[in-house]
Amino acid sequence: MTDTATERTSGSLIDALLEIKARYVDQALAWYRSRTRWPRLVFRAVGSVLIVLSLSVPFLAAVEAPWGKYALQLASFMIAALTALNSFFGWQRTWEKRINAQLTLEGLIALWQTEIAAAKEHTDPSDGCQRALKATQELIEKTKSLTTAEAGEFFATIRFPAVPVEAVTTKNGAP
């Protein structure tokens with residue numbers, strides 16, 4: 002094969018590898034990027050509301066106006082409900098796992114890009130092709146491992162909320 006034909010083959014292989022990376026790895030990265038913001042915002046917002054409500058309980062308990070009793074009950078209910086929702090949905094854990102996966106993918110892509118750049122500049126086009134192919138295979142394998150591990154952790158932590166037995170007993174202690 003001539004040098005021009007080898008360069009064309011090398012170029013088309015790298016173009017194909019770029020397409021494979023775009024379809025698989027870039028889509029995974031886009032998924033994580035688009036799904037890290039909401040868990041962070043909800044976690045921060047709910048945490049802030051819980052702090053404010055918790056700090057308001059002593060003040061609401063001291064209010065002698067008729068509405069004070071209802072405000073205290075509402076604040077207590079909101080604290081319990083938001084705490085339970087945060088525990089069930091795990092917004093902080095979700096945010097942490099997704100941002101970690103996103104940053105890991107970004108790092109893997111950066112390493113892959115350096116390998117592709119080196120492969121393009123390699124003096125022997127066939128060695129460059131092998132290097133690019135190996136780098137892409139490693140990128141896809143690491144992406145697959147990362148995404149399946151993250152999904153496995155997500156599903157392993159999902160539990161139906163348990164209600165303690167004490168919560169369903171009547172005043173005399175009977176269920």
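So the number in this note's numbering is just where the residue sits in the sequence shown, counting from 1, plus 1. Cβ coordinates follow ideal geometry from the N, Cα and C atoms, glycine included.
Item checked: Helix, strand or coil at residue 90 according to DSSP, with G and I counted as helix -> Residue 90 falls in the helix class under three-state DSSP.
message: Taking the straight line between their C-alpha atoms, what separation do you get for residue 110 and residue 88?
response: Going from the Cα of residue 110 to the Cα of residue 88 covers about 34 Å.
Practice problem: State the DSSP-derived secondary structure class of residue 29, mapped to helix, strand or coil. | Solution: Correct three-state label for residue 29: helix.
Compare the C-alpha of residue 119 against each of 76, 64, 137 and 31 and name the closest. Comparing alpha-carbon positions, the option among 76, 64, 137 and 31 lying closest to residue 119 turns out to be 137.
Worksheet item: Counting Cβ pairs closer than 8 Å, one from the region 76-93 and one from the region 50-68, do we hit at least three?
Response: Counting C-beta pairs with one atom in each stretch, the region 76-93 and the region 50-68 have three or more that are closer than 8 Å, which means they touch.
If you draw a straight line from the alpha carbon of residue 83 to that of residue 52, how long is it in whole angstroms? Rounded to whole angstroms, the separation of the alpha carbons of residue 52 and residue 83 is 11 Å.
Using the Cβ count rule (16 or more neighbours within 10 Å means buried), how would you classify residue 24?
Around the beta carbon of residue 24, fewer than 16 other beta carbons sit within 10 angstroms, so the residue counts as exposed.
Point to revise | residue 154 (DSSP reduced to helix, strand or coil) | key: In the displayed model, residue 154 falls within a helix according to three-state DSSP.
### Query
Going by alpha carbons, who is nearest to residue 80 out of 35, 50 and 141?
Answer by Cα proximity: 50.
(message) Check for me: the alpha helix (DSSP H) holding residue 53 runs from which residue to which?
(response) Annotation: the continuous alpha helix (DSSP H) that includes residue 53 extends over 38-63.
| message | Rounded to whole angstroms, what is the Cα-Cα separation between residue 135 and residue 12? | response | If you take the alpha carbons of residue 135 and residue 12, they lie about 16 Å apart.
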